[in-house]
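Residues in the sequence shown are numbered from 0 upward in steps of one, following numbering that gives the first Met the number 0. The beta carbon of each residue, even a glycine, is placed where N, CA and C say it ideally should be.
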Amino acid sequence: MSKEIRPASHKPRIAIAGATGRVGSTLTILLASDPVDITVLTRRPDAAQLPKGTSIAAIDFDQPHTLQNALRGADRLFVSHGTSPQQVTNEIALIDAAVAAGVRQIVKLSALGPASRLNPFAWHMQIEAHLAQQPVASTILRPSAFVDILKRAAGQIAAAPGRARLARGARTLSIRVTSPT
Ligand SMILES: NC(=O)c1ccc[n+]([C@@H]2O[C@H](COP(=O)([O-])OP(=O)(O)OC[C@H]3O[C@@H](n4cnc5c(N)ncnc54)[C@H](OP(=O)(O)O)[C@@H]3O)[C@@H](O)[C@H]2O)c1
């Protein structure tokens with residue numbers, strides 16, 4: 000397989016799948032001020048609200064060639080796919096397209112272990128196993144839960160008698176973590 004030779008000053012191009020989502024959108028905003036080029040892969044290019052300078056590539060998981068086209072020229076891929084019964088098929092298709100397109104490193108947002116038969120944990124383990132077999136550098140991130148979950152639950156917590164103080168604290172903490180500086 001021939002690989003394009005790029006000058007040393009080449010800015011790395013990072014493709015982000017899931018950049019319209021909770022984790023991916025925060026990552027995209029943070030990376031936008033770094034010396035990198037960003038390509039966002041999305042099924043909804045018209046709905047995507049992204050930082051200035053970000054390239055958008057429309058993808059359709061039912062048309063695999065759109066994945067490979069979107070990933071051509073990317074050095075790295077960050078996969079942050081939403082939880083869904085299609086997640087295993089879609090993420091494996093993304094990984095395979097990235098390898099075929101010459102992406103050099105794939106970072107997958109997974110979920111905490113240990114291995115479990117419960118979904119989405121089992122889905123993540125299947126995807127991790129597939130990624131481990133590919134001829135590409137890979138990084139697996141296994142977060143437990145992000146604090147924005149508390150923000151989403153704040154309304155319910157506030158509605159419960161005696162819990163309003165926790166809800167207020169959760170909102171404050173969430174804003175500190177998710178706002179780019
Ligand atoms: N949030 C947490 O606290 C947390 C904690 C641990 C692990 N994780 C893992 O992190 C990953 C990302 O979580 P998230 O909360 O950031 O995801 P999310 O906001 O629910 O979704 C991220 C993006 O995935 C894309 N997507 C593509 N196909 C999809 C489909 N069939 N169904 C749903 N979304 C689809 C969508 O982008 P387009 O519409 O633009 O294509 C969507 O905006 C998940 O796999 C989750 O298990 C999350």
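Among all the DSSP beta bridges, which residues are the ones paired with Asp36?
Paired residue(s): Arg12.
I'd like the ranges of any alpha helix (DSSP H) spanning at least 4 consecutive residues and lying wholly in the stretch 90 to 136.
DSSP runs (the alpha helix (DSSP H)) wholly in the stretch 90 to 136: 120 to 131.
How big is the Cα-Cα spacing for Pro113 and His123?
Cα-Cα distance, rounded: 11 Å.
Can you tell me where the alpha helix (DSSP H) with Ala46 in it begins and where it stops?
Counting along the chain, Ala46 falls outside any alpha helix (DSSP H), and DSSP gives it neither H nor E.
What first and last residue would you give for the beta strand (DSSP E) that runs through Arg75?
Taken as a continuous stretch (DSSP letters only), the beta strand (DSSP E) holding Arg75 covers 75 to 78.
Looking only at its chain, what residues have a beta carbon closer than 8 Å to the beta carbon of Ala35, apart from the 5 residues adjacent to it on each side?
In the sequence as displayed, the identity of residue 35 is Val instead of Ala. Once the five neighbours on either side are set aside, the close Cβ partners of Val35 are Lys10, Pro11, Arg12, Ile13.
Does Ile148 come out as helix, strand or coil in the three-state DSSP assignment?
Reduced to three states, the DSSP call for Ile148 is helix.
Measure the beta-carbon distance from Leu70 to Val39 and round it to whole angstroms, keeping in mind my assumption that it falls under 8 Å.
Leu70 to Val39, Cβ: 12 Å. No contact.
So, using beta-carbon positions, are Thr86 and Pro119 closer together than 8 Å?
Reading off the sequence shown, one finds Gln at residue 86, where the question assumed Thr. Against a cut-off of 8 Å, the Cβ pair of Pro119 and Gln86 comes out as a contact.
With a threshold of 6 Å on Cβ separation, who are the neighbours of Ile15 within its own chain once the five nearest residues in sequence on each side are excluded?
Closer than 6 Å at Cβ, skipping near neighbours: Gly23, Thr27, Val39, Phe77.
When we look at the beta-carbon of Gly154 and count the other beta-carbons within 10 Å, is it buried (16 or more) or exposed?
So Gly154 ends up on the exposed side.
What are the boundary residues of the beta strand (DSSP E) that includes Ser54?
Start and end: 54 to 57.
Have a look at Asp147 and Ala56 and give me their C-alpha separation to the nearest angstrom.
Taking the straight line joining both Cα atoms gives about 27 Å.
CB of Gly154 to nearest heavy atom of ligand 1: below 7 Å?
Result no, Cβ not under 7 Å from ligand 1.
Helix, strand or coil for Thr138, going by three-state DSSP, please let me know.
Strand.
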